[in-house]
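The block underneath contains the structure these notes are about, expressed in structure tokens.
In this note's numbering, the protein residues as written are 627 to 724.
This is how it looks when you write it as structure tokens:
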């Protein structure tokens, strides 16, 4: 088994990373990226299994970054005092009139 590494990718310019192009009457798969939304740095299309693998690596990295971010966020009253979980403003909790 070989080690899989993430290759540097650029967003596809014709479809702006969406993978589809809007035609006059319908949506078409982008010919520039083959529907992936990303191309190699040299502009070549990423094919089949490699596209799935590279997108999975990017998704796993984004999910791990999101987990780290969510663990660092304070919850409960401390989040309310800092304005993180408060819709109004920092320190402005929900006054119930008691």
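Just so you know, even glycine gets a beta-carbon here, dropped at the ideal spot from N, CA and C.
Fill in: Cα-Cα separation between residue 633 and residue 681, rounded to whole angstroms
As a working note, residue 633 is residue 7 in the chain shown. As a working note, residue 681 is residue 55 in the chain shown. Taking the straight line joining both Cα atoms gives about 10 angstroms.
Worksheet item: What runs of the beta strand (DSSP E), each 3 residues or longer, lie entirely inside the segment 627–690?
Response: 635–637, 646–648, 653–655 and 664–666
Item to complete: Mark residue 692 as exposed unless 16 or more other C-beta atoms lie within 10 angstroms of its C-beta, in which case mark it buried.
Response: In the chain shown, counting from the first residue as 1, residue 692 sits at position 66. Exposed, by the Cβ-count rule.
Worksheet item: Can you tell me whether residue 649 is buried or exposed, with buried defined as 16 or more other CB within 10 angstroms of its CB?
Response: Locating residue 649 in the chain shown gives position 23, where the first residue counts as 1. The residue is exposed, with fewer than 16 neighbouring Cβ atoms inside 10 Å.
Practice prompt. Throw me the rounded Cβ distance for the residue 646 and residue 653 pair, which I believe falls under 8 angstroms.
Written response: Along the chain shown, one-based indexing puts residue 646 at 20. Along the chain shown, one-based indexing puts residue 653 at 27. That pair is a contact at about 5 angstroms.
Practice prompt. With a threshold of 16 other CB atoms inside 10 Å of the CB of residue 635, please say whether the residue is buried or exposed.
Written response: The residue you call residue 635 lines up with position 9 of the chain shown. Its Cβ being crowded by 16 or more others within 10 Å, residue 635 is buried.
Discussion item. Using a 10 Å radius around the Cβ and a threshold of 16 neighbouring Cβ atoms, would you call residue 651 buried or exposed?
Written reply: As a working mapping, residue 651 is identified with position 25 in the chain shown. So residue 651 counts as exposed.
Item to complete: In angstroms with no decimal places, state the Cα-to-Cα distance between residue 670 and residue 659.
Response: As a working note, residue 670 is residue 44 in the chain shown. As a working note, residue 659 is residue 33 in the chain shown. One C-alpha to the other measures close to 8 angstroms.
Practice prompt. Sort 684, 690, 629 and 630 by Cα distance to residue 637 and report the nearest one.
Written response: Residue mapping note: residue 637 aligns to position 11 of the chain shown, counting from 1. Ranking 684, 690, 629 and 630 by Cα distance to residue 637 puts 684 first.
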